[in-house]
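Each remark here refers to the structure printed beneath this line.
2 protein chains.
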Amino acid sequence: MIPMTVGLPTRCLPHTLADRRFPLNGHSPEFVVVNRSFVVSTIRDVAAQADVHPSTVSRVFSGNAQISEATRQRVMVAARALNFQPNAIARSLSVRRTKTIGVIVPHVFDGYFADSFFPQLMAGLLEVSYARGYRLLVGGCNGYQDEHVQALDILATRQADGIVVTSSRLDVDTVGELQRHNTSLVLIGHPPAQHADVAWVDADNRTATRHIIEYLAGLGHRRIAYVGGDPDSSVVKERLEGYHNGMAAANLAVTEEWIDYGYFAEDGGYQAVERTRRDESNAPTAYYAANDLMAIGILRGLRERGIDVPGQVSLVGTNDSPEAAHLTPPLTSLRVPYRAIAAAAANRLIDAIEAGRQPDGQELLESCLIERESVERKV
Amino acid sequence: MIPMTVGLPTRCLPHTLADRRFPLNGHSPEFVVVNRSFVVSTIRDVAAQADVHPSTVSRVFSGNAQISEATRQRVMVAARALNFQPNAIARSLSVRRTKTIGVIVPHVFDGYFADSFFPQLMAGLLEVSYARGYRLLVGGCNGYQDEHVQALDILATRQADGIVVTSSRLDVDTVGELQRHNTSLVLIGHPPAQHADVAWVDADNRTATRHIIEYLAGLGHRRIAYVGGDPDSSVVKERLEGYHNGMAAANLAVTEEWIDYGYFAEDGGYQAVERTRRDESNAPTAYYAANDLMAIGILRGLRERGIDVPGQVSLVGTNDSPEAAHLTPPLTSLRVPYRAIAAAAANRLIDAIEAGRQPDGQELLESCLIERESVERKV
DNA sequence: AAGGGATATGCAACCGATTGCATTAATTAT
DNA sequence: ATAATTAATGCAATCGGTTGCATATCCCTT
């Protein structure tokens with residue numbers, strides 16, 4: 001693996017530097033050398049130069065047509081001489097295909113970029129787009145409502161051939177709105193029940209969560225807490241179901257106090273500890289957190305109470321974020337295959353686009369547990 | 380919004396229409412019932428419905444023209460009835476602007492997504508693109524060579540109005556190639572010397588590194604090691620210069636053994652410890668690492684040797700990655716404002732695009748040191 | 001040598017908007 | 001009331017490719 005040259009990580013607040021800029025003295029535009037620049041020429045220029053009809057040039061460049069070797073050569077020579085590049089926009093207008101797939105990113109949610117979800121998503125999308133000759137049109141959005149406004153806009157204005165949408169808030173009917181417009185979309189995540197027919201791919205959150213509960217139960221834990229994120233999101237609901245299933249399968253009773261929501265934030269996890277341990281004599285001996293950030297908060301809460309992890313209480317996080325391996329103790333975490341999910345979604349979408357039909361079908365991908373040192377058998 | 384269900388002269392979705400092109404008068408003769416789905420209509424359909432000329436409809440939608448309130452209303456009503464959305468591709472072809480800026484992402488380098496550089500970059504780019512009404516066209520690339528092939532393609536085929544490029548490998552002349560094509564580009568990172576006039580924005584790596592060395596020297600450290608990434612990358616060279624400057628400013632002698640390269644990898648950091656501590660009596664009492672991953676490796680190497688951080692040796696990382704805060708001890712790290720850099724680059728690019736000139740000017744942004752617990756005064 | 005089927009190109013009508021210029025209608029000035 | 005403006009539209013030529021159909025060549029057969 002080759003390390004990146006540019007790629008130095010970090011986060012820094014936009015405003016930090018916004019006020020301190022150091023303009024260096026650049027050259028003014030007058031110094032720009034124009035004669036070294038390329039002119040843009042059209043298919044007709046080339047045609048004239050090669051003494052053929054524009055349509056012939058078009059055929060030479062679009063490949064799939066019978067062109068005599070002689071003309072092909074003549075056209076290519078002319079094209080090279082004029083530095084011709086076919087205009088993709090014009091082509092798109094004509095063939096009604098852009099070779100582009102759209103994605104909407106809720107860029108205003110800060111956590112969106114902090115998490116490893118976004119990079120993985122992009123990686124998966126990009127991987128297959130690139131391989132299949134597509135590009136990504138990425139648009140921002142400033143909220144759940146705006147998400148489908150933007151998505152719709154991209155599609156309605158024909159800027160992309162299809163779109164993958166990631167949001168699955170149950171209170172905003174993005175999917176319904178989109179479907180009504182008869183557009184090519186595939187969803188990352190589960191759709192709300194009324195749109196079960198939309199194409200989607202997701203992690204099997206329910207099963208994965210159930211397995212974790214069973215795993216903890218198998219280690220002797222009987223009081224297991226569930227700390228979810230935003231209770232309105234479908235992921236969190238699925239996981240909760242899995243939790244209940246797992247508890248039931250292990251024959252364990254569930255107490256209301258053990259179910260809590262940390263809204264995916266570190267502090268949420270911290271507070272969850274407080275709420276779940278009012279009665280220390282009946283407090284959980286294991287926690288499952290729906291992301292690692294909350295797990296970190298839980299860890300802190302536990303530590304403050306002098307509770308040892310994993311000695312006294314076990315802890316499982318989700319997403320296997322970069323920090324998980326470096327915590328004390330190293331955090332056991334559920335790795336969700338976001339990259340593979342995104343890749344599958346892109347493939348599904350492009351398949352449909354190229355077949356000239358609506359995307360369909362559903363796909364569930366398995367997560368896997370990365371075992372580290374935050375879990376221990378309950379004696 | 381009521382879905383049109385009956386009796387519209389229809390042009391349907393692209394693929395539906397693909398098999399029946401070239402209707403005689405521009406309208407399909409038959410009437411089709413498209414259940415629940417929206418029909419896509421053109422400016423001419425709206426014009427016909429509202430009994431005005433297509434150009435009038437165009438003017439209504441592009442805003443900046445004198446249209447009587449009466450006609451505007453009529454057009455809007457017709458447009459709504461036909462669910463008209465202007466086709467962005469057609470518009471782009473006509474006005475020669477796509478409202479899109481391109482980015483090329485070397486998606487094959489795994490580390491690219493692991494790092495927080497990429498999300499920060501996207502966040503910054505997206506933030507300003509969104510605010511200014513642009514979208515991002517993201518293309519993959521599978522290597523340094525391919526990067527400018529892709530970039531060039533996006534620009535040459537007019538799919539974007541400009542592009543931001545991130546690579547700054549000194550051995551691949553991306554910038555030169557791009558400049559020769561007279562394209563709108565702004566670089567994130569320093570350009571190689573021969574292209575000093577290209578527009579760019581970057582962190583002031585040299586100064587930041589110098590400050591860190593001075594800071595360590597100020598704490599009494601006299602033997603300070605520099606662990607860089609890929610020696611071929613410009614970032615690393617700048618930092619090295621900063622290191623030398625800092626050492627000189629603090630009146631400290633530099634020993635060859637204290638300068639090492641870990642290629643941005645954890646293991647590279649680990650090995651650097653080995654190489655820099657052959658002679659323990661003259662070994663560094665402080666390390667500066669060009670990313671946190673290497674700092675983690677250094678930490679491990681030191682620990683294996685029974686050397687306490689920060690008790691015996693101090694350590695500063697770079698990028699303030701998510702894991703930095705959670706290490707033991709929490710890592711003091713240089714936070715580089717990638718998000719702000721990307722935002723500045725996007726602004727610079729869009730400014731130029733909208734002014735109809737080439738981007739120019741340069742900008743250096745300050746990094747800031749996040750002090751945690753891996754540094755201590757040398758007694 | 002004439003007929004027949006392939007091949008290669010040309011023709012021109014699209015794709016769906018934009019916009020300079022001309023024309024008509026509405027206002028204002030004289 | 002008429003001339004002079006100005007505001008509101010229509011006209012038609014773009015933007016730069018694509019592609020169904022027609023035509024012209026070519027190569028074989030018989």
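Protein chains in written order, with this note's numbering: chain A, 1 to 379; chain B, 380 to 758.
Ideal Cβ positions, reconstructed from N, Cα and C, are used throughout, including at glycine.
- DSSP places alanine 457/B in the uninterrupted alpha helix (DSSP H) bounded by 448-460.
- Every alpha helix (DSSP H) of 4 residues or more that sits fully in the stretch 157-215 of chain A is shown, in chain order, as 174-180.
- Counting along the chain, glutamine 499/B sits inside the alpha helix (DSSP H) bounded by residues 496-510.
- Per the Cβ contact rule, the stretch 250-266 of chain A is in contact with the stretch 218-231 of chain A (3 or more Cβ pairs under 8 angstroms).
- Out of Ser167/A, Asp110/A, Thr328/A and Thr100/A, the CA that lies nearest to the CA of valine 138/A is found in Thr100/A.
- By the Cβ criterion, the stretch 150-157 of chain A is not in contact with the stretch 110-122 of chain A, since fewer than three pairs of Cβ atoms, one from each stretch, lie closer than 8 angstroms.
- Taking a 10 Å sphere around the C-beta of glutamate 506/B, we find 16 or more other C-beta atoms and assign the residue as buried.
- Taking a Cβ-Cβ threshold of 7 angstroms, none of the residues of chain B is close to proline 192/A; the smallest such distance is about 18 angstroms.
- The Cβ-Cβ distance between histidine 221/A and lysine 378/A falls below 8 angstroms.
- Chain A has no Cβ within less than 8 angstroms of the Cβ of isoleucine 686/B.
- Residue Leu678/B holds the alpha-carbon nearest to the alpha-carbon of proline 689/B among Gly568/B, Asp525/B, His560/B and Leu678/B.
- Around the C-beta of arginine 74/A, 16 or more other C-beta atoms lie within 10 Å, and the residue is accordingly described as buried.
- Ranked by Cα distance from histidine 486/B, the options Arg475/B, Thr477/B, Pro498/B and Arg476/B are led by Pro498/B.
- Along the stretch 150-174 of chain A, the positions whose C-beta sits under 7 angstroms from a C-beta of chain B are Ala156, Thr157, Arg158 and Gln159, read in chain order.
- The residue among Pro329/A, Leu334/A and Gln312/A with its C-alpha nearest the C-alpha of serine 321/A is Leu334/A.
- The C-alpha of glutamate 354/A lies about 12 angstroms from the C-alpha of glycine 133/A.
- Taking every protein chain shown into account, the CB of glycine 442/B has fewer than 16 other CB atoms within 10 angstroms, so this residue is exposed.
- Note on geometry: alpha-carbon atoms of leucine 349/A and alanine 704/B lie some 39 angstroms from one another.
- Taking all protein chains in view, the Cβ of valine 77/A is surrounded by fewer than 16 other Cβ atoms within 10 Å, so the residue is classified as exposed.
- DSSP places isoleucine 307/A in the coil class of the three-state scheme, outside both helix and strand.
- Linking arginine 135/A to isoleucine 296/A through their CA atoms gives a straight-line distance of about 37 angstroms.
- Under the three-state reduction of DSSP output, valine 606/B falls in the strand class.
- Here DSSP, grouped into helix, strand and coil, assigns glutamine 464/B to coil.
- Alanine 721/B sits away from glycine 696/B, with the two beta carbons spaced by 8 angstroms or more.
- By the Cβ criterion, the stretch 274-291 of chain A is in contact with the stretch 210-220 of chain A, since at least three pairs of Cβ atoms, one from each stretch, lie closer than 8 angstroms.
- Chain A places a beta carbon closer than 8 angstroms to that of glutamate 702/B, counting this residue as a contact.
- Distance from the CA of aspartate 687/B to the CA of glutamate 371/A, rounded to the nearest whole angstrom, comes to 28 angstroms.
- For alanine 719/B against leucine 744/B, the beta-carbon gap comes to about 6 angstroms, under 8 angstroms, which counts as contact.
- Inclusion of isoleucine 567/B and leucine 93/A in the CB contact set at 8 angstroms is not warranted, their separation being larger than that value.
- DSSP lists Thr100/A as the bridge partner or partners of arginine 135/A.
- Setting aside the 5 residues that flank it on each side, leucine 121/A is surrounded in the same chain by Tyr338 and Ala342, each with a C-beta closer than 6 angstroms to its C-beta; the list follows chain order.
- The DSSP assignment places complete beta strand (DSSP E) segments of no fewer than 3 residues inside the stretch 251-309 of chain A at 259-261 and 286-289, in order along the chain.
- For the pair alanine 427/B and arginine 470/B, the Cα-to-Cα distance works out to about 20 angstroms.
- For valine 57/A, the three-state secondary structure derived from DSSP is helix.
- Judged by their CB atoms, serine 753/B and threonine 711/B are nearer to each other than the 8 angstroms cut-off.
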